[in-house]
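Student: I have a structure here, written as structure tokens, and I will follow up with some questions on it.
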Ligand SMILES: Nc1ncnc2c1ncn2[C@@H]1O[C@H](COP(=O)(O)OP(=O)(O)OP(=O)(O)O)[C@@H](O)[C@H]1O
Ligand SMILES: [Mg+2]
């Protein structure tokens, strides 16, 4: 078997309903060995429901899931031994210390006593919490709690890591630390499936990104392709001191689309710099006056809205 192209996660036509709500609607996806796959979507899109099904915490109404060739429904325990799961709301015991939390998780996964001690110290060190190892987690900040949450999920050296919004609500420094740990784990061969609201995070970390909206997958693509949509969504906003015939602007090969916004014209382009130079030159030739001129770079959120619109 070619391990490089081997699907470690295979989900086929997953559906989950809660009463009237179809939280996940016939979702299929594959994640290759060694890949970081990002699952992106707004609140209520179905990300957590999907991750809970993939990790065997929730049984789908229909559809199949294979984790490293193991059918999750038939062999949930065997499948779970391969996974590190970092749930949305954490999984730690506030009254236990940082180290006790990791040891408890290790016992659950059957890690031997001597190995467990070594692993716990190593993880505490990696997560920059060794100094606080004997302090109850109750006294930790949100970012520190999340680090223990992740460390506990890594104690059995899982082959596949599932993280549900791992950096949500954390400060920039904690976010960076967690992203670096995810990258490091991946470089060592761990396959990663993570959910996020943050397109920038998906761009930094993921090889492929799936966008989910209202229980359905809108698109699965490489982040650079999403970037391209981003570039196409850039625009230049300009207004002149008089009404002008915009036909000449429309004719410019640099303009993809043109919109009237109050007294301004919004010209969509993937080359704002070139278009601004062209506009200035042309305005000069016509002896018109520019009242305002601005390059509007689309945020990644704009792109996300564009891609999910009407789906
Ligand atoms: N246990 C449940 N009982 C009833 N409805 C549920 C349950 N879990 C999820 N839902 C519904 O399923 C839909 C998808 O929820 P889910 O938690 O999967 O979204 P999400 O993409 O993770 O959102 P968020 O970004 O807010 O975490 C929502 O409409 C939610 O209300
Ligand atoms: Mg969620």
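In our numbering, the protein residues as written are 31 to 341. Positions of the beta carbon are idealized from the N, C-alpha and C atoms, including for glycine.
On the three-state DSSP scale, how would you describe residue 278?
Tutor: Within the chain shown, residue 278 is the residue found at index 248, counting from 1. Residue state, collapsed to three classes: helix.
Student: Would the beta-carbon of residue 238 fall within 9 Å of that of residue 68?
Tutor: Along the chain shown, read from residue 1 onward, the residue named residue 238 stands at position 208. Along the chain shown, read from residue 1 onward, the residue named residue 68 stands at position 38. Going by C-beta atoms, residue 238 is nearer than 9 Å to residue 68.
Student: Here's the rule: buried if 16 or more other CB atoms are within 10 angstroms of the residue's CB, otherwise exposed. What is residue 31?
Tutor: Along the chain shown, one-based indexing puts residue 31 at 1. At residue 31 the pLDDT is 45, less than 50, meaning the model places this residue with poor confidence; the figure from the coordinates comes in the next sentence. Exposed, since its Cβ has fewer than 16 Cβ neighbours within 10 Å.
Student: With three or more C-beta pairs closer than 8 Å as the rule, is the region 182–195 touching the region 117–129?
Tutor: The region 117–129 is in contact with the region 182–195.
Student: Could you check what DSSP says for residue 170 in three-state terms: helix, strand or coil?
Tutor: The residue you call residue 170 lines up with position 140 of the chain shown. If DSSP states are grouped into helix, strand and coil, residue 170 belongs with coil.
Student: Grouping DSSP H, G and I as helix and E and B as strand, with all else coil, what is residue 284?
Tutor: Stepping through the chain shown from its first residue, residue 284 is reached at position 254. DSSP places residue 284 in coil when its eight states are reduced to three.
Student: So, under 8 Å CB-CB, residue 322 and residue 269 are touching, yes? Tell me the CB distance rounded to an integer number of Å.
Tutor: Numbered from 1 along the chain shown, position 292 holds the residue referred to as residue 322. Numbered from 1 along the chain shown, position 239 holds the residue referred to as residue 269. Sure, about 5 Å apart at Cβ, within 8 Å.
Student: Below 8 Å, can you find three or more Cβ-Cβ pairs linking the region 221–233 to the region 52–69?
Tutor: Contact between the region 221–233 and the region 52–69 is present, because at least three Cβ pairs lie under 8 Å.
Student: At a threshold of 8 Å, does residue 150 count as lining ligand 1 (C-beta to nearest heavy atom)?
Tutor: The residue you call residue 150 lines up with position 120 of the chain shown. Not under cutoff, so the answer is no.
Student: Relative to the C-alpha of residue 181, which residue among 163, 248, 168 is closest?
Tutor: Position 151 of the chain shown, counted from the start, is the residue given in the question as residue 181. Residue 163 is the option with its Cα nearest to residue 181.
Student: Any heavy atom of ligand 2 closer than 8 Å to the beta-carbon of residue 226?
Tutor: Mapped onto the chain shown, residue 226 falls at position 196. Incorrect: residue 226 has no Cβ contact closer than 8 Å to ligand 2.
Student: From residue 167 to residue 185, what does the alpha carbon distance come to, in whole angstroms?
Tutor: If you number the chain shown from 1, residue 167 lands on position 137. If you number the chain shown from 1, residue 185 lands on position 155. Using only the alpha carbons, I get a separation of about 17 Å.
Student: For residue 259, verify whether its CB is less than 8 Å away from any heavy atom of ligand 1.
Tutor: The residue you call residue 259 lines up with position 229 of the chain shown. No; taking the cut-off as 8 Å, the Cβ of residue 259 has no heavy atom of ligand 1 nearer than that.
Student: Over the uninterrupted beta strand (DSSP E) stretch that includes residue 239, give me the two end residues.
Tutor: For this step, residue 239 is matched to residue 209 along the chain shown. Element bounds for residue 239: 238–243.
Student: With the cut-off set at 9 Å, would you say residue 128 and residue 88 are in Cβ contact?
Tutor: Indexing the chain shown from 1 puts residue 128 at position 98. Indexing the chain shown from 1 puts residue 88 at position 58. Not a contact, by the Cβ cut-off of 9 Å.
Student: For residue 31, does the three-state DSSP call read helix, strand or coil?
Tutor: Mapped onto the chain shown, residue 31 falls at position 1. With a pLDDT of only 45 at residue 31, under the threshold of 50, the placement of this residue in the model should not be trusted, and no figure is reported.
Student: Going by DSSP, what residue range makes up the alpha helix (DSSP H) through residue 145?
Tutor: Locating residue 145 in the chain shown gives position 115, where the first residue counts as 1. Here the alpha helix (DSSP H) through residue 145 covers 143–156.
Student: Between 35, 37, 44, which has its C-alpha nearest residue 247's C-alpha?
Tutor: Residue mapping note: residue 247 aligns to position 217 of the chain shown, counting from 1. Minimum Cα distance to residue 247 is reached at 44.
Student: Are the beta-carbon atoms belonging to residue 325 and residue 310 less than 9 Å from one another?
Tutor: Within the chain shown, the letter at position 295 stands for residue 325. Within the chain shown, the letter at position 280 stands for residue 310. The answer is no: Cβ separation not under 9 Å.
Student: Do residue 76 and ligand 1 come close, with the Cβ less than 8 Å from some heavy atom?
Tutor: Within the chain shown, numbered from 1, the residue matching residue 76 stands at position 46. Yes, since a heavy atom of ligand 1 falls inside the 8 Å radius drawn around the Cβ of residue 76.
Student: From residue 187 to residue 59, what distance separates their C-alpha atoms?
Tutor: Here residue 187 corresponds to residue number 157 of the chain shown, with the count starting at 1. Here residue 59 corresponds to residue number 29 of the chain shown, with the count starting at 1. If I take the Cα positions, the gap works out to 24 Å.
Student: With hydrogens ignored, establish whether the beta-carbon of residue 231 is closer than 8 Å to any heavy atom of ligand 2.
Tutor: As a first step, residue 231 must be located in the chain shown, where it is residue number 201. Checking the Cβ of residue 231 against ligand 2 gives no.
Student: Measure the alpha-carbon distance for residue 114 versus residue 183 and round it to whole angstroms.
Tutor: Reading the chain shown from its first residue, position 84 is the one you call residue 114. Reading the chain shown from its first residue, position 153 is the one you call residue 183. Whole-angstrom Cα-Cα distance: 5 Å.
Student: How about residue 51: is its Cβ closer than 8 Å to a heavy atom in ligand 1?
Tutor: The residue you call residue 51 lines up with position 21 of the chain shown. It does: the Cβ of residue 51 is within 8 Å (strictly closer) of some heavy atom of ligand 1.
Student: Mapping DSSP to helix, strand and coil, what is residue 189?
Tutor: Walking along the chain shown from the start, residue 189 turns up at place 159. Note: residue 189 maps to coil in three-state DSSP.
Student: Nearest CA to the CA of residue 300: which residue from 287, 291, 292?
Tutor: For the purposes of this step, residue 300 is taken as residue 270 along the chain shown, with counting starting at 1. Comparing Cα positions, the closest option is 287.
Student: Among all the DSSP beta bridges, which residues are the ones paired with residue 46?
Tutor: In the chain shown, counting from the first residue as 1, residue 46 sits at position 16. Answer is 54, bridged to residue 46.
Student: Measuring from the CB of residue 80, is there a heavy atom of ligand 1 at a distance below 8 Å?
Tutor: Stepping through the chain shown from its first residue, residue 80 is reached at position 50. Residue 80: yes, Cβ under 8 Å from ligand 1.
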